[in-house]
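**Student:** Protein chains in written order, with our numbering: chain Z, 5 to 255; chain C, 400 to 744. Note that CB positions come from ideal geometry on N, CA and C, so glycine has one too. I have a structure here, written as structure tokens, and I will follow up with some questions on it.
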């Protein structure tokens, strides 16, 4: 019964995120416009200015990873809104395991993020970005899941500590943007100066970008096995921390 | 006789306690919000915690509902310790918090459904209970609408309905009618009464509305500065204190002070003055009025007008805490406005 109830808790929280997603569908699909502009305008401009072949193909997995990052961190931090609007109390007073609640919340958010990622993959493909194979595109989906879980749990962990909207702004400008810029989403890793190379390799998102590059365009500078190991370790660590912090939360 | 009634009867016969606290205390950074409170609430009781804002009512409820841990002392709810067996306590209680804890982006139906799932109700039981509780609060026809389109009264009713979904043994209601219009308030009072009488649920509610406590509660604890200053039935609290209030309006406030001293010397126990008005609490006004007049006449003080009314809990509250509970009312409205503003940010 204990195990069943835990599954039920995870499922309930996932269901809630999906019900919310259903209502915010147009907004979430609309949020794909920005990354598309990035890809079409920046991708074309950079590709033609610097005479880089297939720059759009190179950039597309990076853009997908960026969307996953934004959506996931945002999904995790939404715990903050749950606190503000009171719903968090309803969850925390229920006789259920709080770790399961955090996990359900994470799965819900990651589902939303993956839907965005997959949509972007399909749209870019139909806009003329050429991916290697259908199999590769399908294999990208589990990778999106691992990337999403890692960052959404990071978001949950942050939300338990952030008290205000100012804090949220800080996270967005001091965490999310640097993560994107330092991820190799826009540039190759090989010719970077040492300090930048170190920073990029310390960034978990880099491994997400590289893993997606491997599955989508068939080449990556970091071996796929390394990428998967790092992403998995990152996801497990942040989930453990996020779940633990969430369990200790007082409203 | 329903199962609930039997349960309630057994509870009353054997004097079972739904809630017992032993010197339960909570302090926040040195500020003592709840100070060694001992209360016991019987199965099937409708118990009121009455006090002004900041008296410690909500803190007490938060401790009993396991939302916060007591600094010291213990509490048991439905036989379970609130600290060591908090999971069992949570399964046995329903809580309606002061501010809304619904997901406004979802419909009423969805909110109830999620609640049922969190409390492990099966699909069929969930559906049955949802219909029952929605009927009870008369929201069946609105259940498919998003909660953000609900009025304040509807939100409260839905919250009460949700709190009942899983058949709690003890229901905590924190200011159930705060900020509602009189008509809605009356409606919610009726629900609360019915829950207690028909379903036999032990209910603990906090309020700073006197008439609410008077109308609903079997017993009341008056709480001030984190302590229980009086605890009894509304009737006993009122009769122990004097059944009637005589209000005399005089020419000047000096007269009022002078007359109150005269009355004190004449042996009246409970006297208070405000501007040129004197309030006297007496057992029976029919017998007291002639004597009150005679005393004023012999001391040469002119009485402009006189009113006699039954004493209310307000008078008792003033007696125990030294201030009117209504003094808080303006603050209250400001507070609600503030809350609404911050919520809409």
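Run down chain Z in chain order and give the residues with a C-beta less than 7 Å from the C-beta of residue 504(C).
**Tutor:** Here the neighbours are 24 and 27.
**Student:** For residue 697(C) and residue 559(C), I'd like the C-alpha separation in whole angstroms.
**Tutor:** Rounded to whole angstroms, residue 697(C) to residue 559(C) spans 58 Å at the Cα level.
**Student:** Using DSSP bridges, identify the partner residues of residue 474(C).
**Tutor:** DSSP lists 420(C) as partners of residue 474(C).
**Student:** Would you kindly report the start and end of the unbroken alpha helix (DSSP H) that includes residue 675(C)?
**Tutor:** First-last for residue 675(C): undefined, no H or E at that position.
**Student:** Just the chain A side, please: which residues come within less than 8 Å of residue 90(Z) by C-beta, in chain order?
**Tutor:** You won't find chain A in this structure, because its protein chains are Z and C.
**Student:** So residue 95(Z) is in the alpha helix (DSSP H); what residue range does that whole segment cover?
**Tutor:** 91-96 is the span of the alpha helix (DSSP H), which, as asked, contains residue 95(Z).
**Student:** Count the other CB atoms within 10 Å of the CB of residue 554(C); is the residue buried (16 or more) or exposed (fewer)?
**Tutor:** By the neighbour-count rule (16 or more Cβ atoms within 10 Å), residue 554(C) is buried.
**Student:** Residue 753(C) by DSSP, collapsed to three states: which one?
**Tutor:** Any answer about residue 753(C) is impossible in this case: the structure gives chain C only from 400 up to 744.
**Student:** Between residue 62(Z) and residue 565(C), what straight-line distance do the alpha-carbon atoms span, to the nearest angstrom?
**Tutor:** Near 54 Å, if we compare the C-alpha coordinates of residue 565(C) and residue 62(Z).
**Student:** Under 8 Å, Cβ to Cβ, is there at least one residue of chain Z near residue 513(C)?
**Tutor:** Yes, because at least one Cβ of chain Z sits closer than 8 Å to the Cβ of residue 513(C).
**Student:** Does residue 555(C) come out as helix, strand or coil in the three-state DSSP assignment?
**Tutor:** The answer is helix: DSSP assigns residue 555(C) an H, G or I state.
**Student:** Counting only beta-carbon atoms, is residue 524(C) nearer than 8 Å to chain Z?
**Tutor:** For residue 524(C), the answer is no, since every Cβ of chain Z falls outside 8 Å of its Cβ.
**Student:** Please classify residue 602(C) as buried or exposed, where buried requires at least 16 neighbouring CB atoms within 10 angstroms.
**Tutor:** Its Cβ being crowded by 16 or more others within 10 Å, residue 602(C) is buried.
**Student:** Quickly, what does DSSP pair residue 439(C) with across the bridge? List them, please.
**Tutor:** According to DSSP, residue 439(C) bridges with 419(C).
**Student:** Using 8 Å as the threshold, is the C-beta distance between residue 673(C) and residue 642(C) below it?
**Tutor:** No, Cβ-Cβ distance for residue 673(C) and residue 642(C) is not below 8 Å.
**Student:** Shortest alpha-carbon distance to residue 501(C) belongs to which of 93(Z), 100(Z), 99(Z) and 104(Z)?
**Tutor:** Ranking 93(Z), 100(Z), 99(Z) and 104(Z) by Cα distance to residue 501(C) puts 93(Z) first.
**Student:** Could you tell me whether the Cβ atoms of residue 106(Z) and residue 246(Z) are closer together than 8 Å?
**Tutor:** Cβ atoms of residue 106(Z) and residue 246(Z): closer than 8 Å.
**Student:** Let me know if residue 206(Z) comes out buried or exposed under the rule of 16 or more other beta-carbons within 10 Å of its beta-carbon.
**Tutor:** Exposed.
**Student:** Which value, in whole angstroms, describes the spacing of the CA atoms of residue 508(C) and residue 544(C)?
**Tutor:** For residue 508(C) and residue 544(C), the distance between alpha carbons rounds to 8 Å.
**Student:** If you reduce the DSSP assignment to three classes, tell me which class residue 138(Z) lands in.
**Tutor:** Residue 138(Z): helix per DSSP, three-state reduction.
**Student:** In three-state terms, what does DSSP make of residue 427(C)?
**Tutor:** Here residue 427(C) sits in strand by DSSP.
**Student:** What residues in its chain sit with their C-beta under 7 Å from that of residue 634(C), if we drop five residues either side in the sequence?
**Tutor:** Nothing meets the Cβ criterion.
**Student:** Quick check on DSSP: helix, strand or coil for residue 522(C)?
**Tutor:** Helix at residue 522(C).
**Student:** Would you mind telling me which residues of chain Z sit closer than 8 Å to residue 489(C), beta carbon to beta carbon, in chain order?
**Tutor:** The answer, in chain order, is 97, 98 and 99.
**Student:** Compare the C-beta of residue 173(Z) with all C-beta atoms of chain C and state if any pair is closer than 8 Å.
**Tutor:** It does not: the Cβ of residue 173(Z) has no partner Cβ on chain C nearer than 8 Å.
**Student:** Tell me the rounded alpha-carbon separation between residue 536(C) and residue 557(C).
**Tutor:** So the alpha carbons of these two residues sit roughly 7 Å apart.
**Student:** Distance cutoff 8 Å, beta carbons only. Does residue 254(Z) sit that close to anything in chain C?
**Tutor:** Judged by the 8 Å Cβ criterion, residue 254(Z) is in contact with chain C.
**Student:** Closest to residue 572(C) by CA distance: which of 581(C), 582(C), 699(C) and 594(C) is it?
**Tutor:** Considering only alpha carbons, the answer is 594(C).
**Student:** Using beta-carbon positions only, say whether residue 70(Z) and residue 189(Z) come within less than 8 Å of one another.
**Tutor:** Yes; because the gap between Cβ atoms is below 8 Å, this pair is in contact.
**Student:** Within 10 angstroms of the Cβ of residue 59(Z), are there 16 or more other Cβ atoms? Answer buried if so, exposed if not.
**Tutor:** Per the 10 Å Cβ criterion, buried.
**Student:** Do we get a CB-CB distance below 8 Å when we pair residue 685(C) with the residues of chain Z?
**Tutor:** With 8 Å as the cut-off, residue 685(C) does not count as an interface residue toward chain Z.
**Student:** So, is residue 226(Z) buried or exposed, given that buried needs 16 or more other C-beta atoms within 10 angstroms?
**Tutor:** The residue is buried, with at least 16 neighbouring Cβ atoms inside 10 Å.
**Student:** To the nearest angstrom, how far is the alpha carbon of residue 700(C) from that of residue 713(C)?
**Tutor:** Each residue's Cα considered, the two are about 28 Å apart.
**Student:** Taking only runs that begin and end inside the stretch 573-657 of chain C, name each unbroken alpha helix (DSSP H) of 4 or more residues, in chain order.
**Tutor:** Complete alpha helix (DSSP H) runs here, min 4: 581-597, 609-615 and 633-640.
**Student:** Could you please give the first and the last residue of the uninterrupted beta strand (DSSP E) stretch that includes residue 709(C)?
**Tutor:** 702-709 is the extent of the beta strand (DSSP E) around residue 709(C).
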